[in-house]
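Enquirer:
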Amino acid sequence: MYSSLVRIQNTFGFFTTVAFVVAALIAASDFVTPRAPVVNVLKTTNLQVVRGRPHYYSSKKEEYAIIKFTLDADLSSLFTWNTKQLFVYITAEWPSTSVSGTTLPSNATSNQAVIWDTIVTSPSADHLANIGPIALKKLRKSAAGKPIDPSRGKITLKNQRPKYQITHPSGKIAETEDVTLRLHYNVQPWVGVLTWNQNADYGLWKQLSGGLSKKFSLPSLKKKDEGKKAKARGILVS
C-alpha cells in the first residue's frame, strides 16, 4: 500500500505531465497557422535635425533627429487564439561611415535606433492594455463574439510623430546618409516561445513583405531665424 504522501506525489506528477503535454500541443498549434505579414507603406514625411537636449535627463546639448513617417501595415495574420499580444516597433538604421565628421572604431558597422513602438493586444488580453476605460470598452465591443478580431494588427498611421528622437554618441547626426526605416515585430503567445520577424520562409510562416523604406539623408542642422532674433532685439531696445 502506498502512503497518502506517495499518492499525492503521483497525482501531482500525473497532473503536471498532462499540463505539459497540453501546453506543448497549444504551442505547436501556432506552426500550422499561416502567417503572412505585409507592410504596404513605410515612408518618411518630414525630417528635422535640431540641437538641444533630446531628453529631460540629458546633461548636455547635442544634435538629434525627428523623423515623422507614414505606415500602412497588415499584421493580422500574426494573431491566433494563442496570441497574447504583438509588440511592433520601427527603427532607423544607417551605416557608421555615413555619419560625417566622426571617428568610429574599426569594428563599428551600423547604427540602429528605435523611433516608435506600440503593443497590440488580443481580445483576451485587452485588460492588460495600458489604455483608458473608453478605449478598452471599444476594444471589448469590437471583439464581442469573435475569437479573433479581424482588425487587430492592422496599423494605419499618417504623418506620425516619433516617440523617440535619434541621437549619436558623437553628438552629431546632421547630414547622415543612407538612412532607412525598418518595421519589426515580436509575437508574444500565451503558451510557447517568443517569435520575432523572420528573414526567410518557414513552412506556412512567410517572412515580412515590405517593412523597409527607401534610403534617405537627414537634413543639415536647423538654425534659428537670425532675422527674427534681430527684430526681437530691436523691439527690446526701442
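My numbering numbers the first residue of the sequence shown as 788 and each following residue consecutively. In this text, a Cβ means the ideal position worked out from N, Cα and C, and glycines have one as well.
Can you tell me the Cβ-Cβ gap for Arg-969 and Gly-998, rounded? I've got them flagged as a contact below 8 Å.
Expert: Indeed they touch by this definition, with Cβ atoms about 6 Å apart.
Enquirer: May I ask you to list the residues that DSSP assigns as paired with Ala-860?
Expert: Ala-860 pairs with Val-826 and Ile-942.
Enquirer: Quick one: Cα of Asn-797 to Cα of Lys-924, how far?
Expert: Taking the straight line from one Cα to the other gives about 45 Å.
Enquirer: Opposite Glu-849 in the DSSP bridges: which residues?
Expert: Beta-bridge pairing links Glu-849 to Gly-839.
Enquirer: Give me, in chain order, the residues of the same chain whose beta-carbon lies closer than 8 Å to that of Ala-987; leave out the 5 immediate sequence neighbours on both sides.
Expert: Around Ala-987: Gln-994.
Enquirer: Roughly how many angstroms lie between the CA atoms of Lys-959 and Val-907, to the nearest whole one?
Expert: Between Lys-959 and Val-907, the C-alpha separation is close to 34 Å.
Enquirer: Report yes if the C-beta distance between Val-966 and Ala-879 is below 8 Å; otherwise report no.
Expert: Result yes, Cβ atoms of Val-966 and Ala-879 sit closer than 8 Å.
Enquirer: Let me know if Ser-909 comes out buried or exposed under the rule of 16 or more other beta-carbons within 10 Å of its beta-carbon.
Expert: Its Cβ being crowded by 16 or more others within 10 Å, Ser-909 is buried.
Enquirer: With a Cβ-Cβ cutoff of 8 Å, do Gln-975 and Phe-874 count as a contact?
Expert: Taking 8 Å as the Cβ cut-off, Gln-975 and Phe-874 qualify as a contacting pair.
Enquirer: Which of the three DSSP states, helix, strand or coil, is assigned to Gln-985?
Expert: Residue state, collapsed to three classes: coil.
Enquirer: Going by C-alpha to C-alpha distance, which of Leu-812, Ile-953, Ser-846 and Phe-801 sits closest to Val-899?
Expert: It is worth fixing the name first, because residue 899 is Gln in this sequence and not Val. Selected option, being the one with the closest Cα: Ile-953.
Enquirer: Let me know the secondary structure DSSP gives Arg-794 once reduced to three states.
Expert: The answer is helix: DSSP assigns Arg-794 an H, G or I state.
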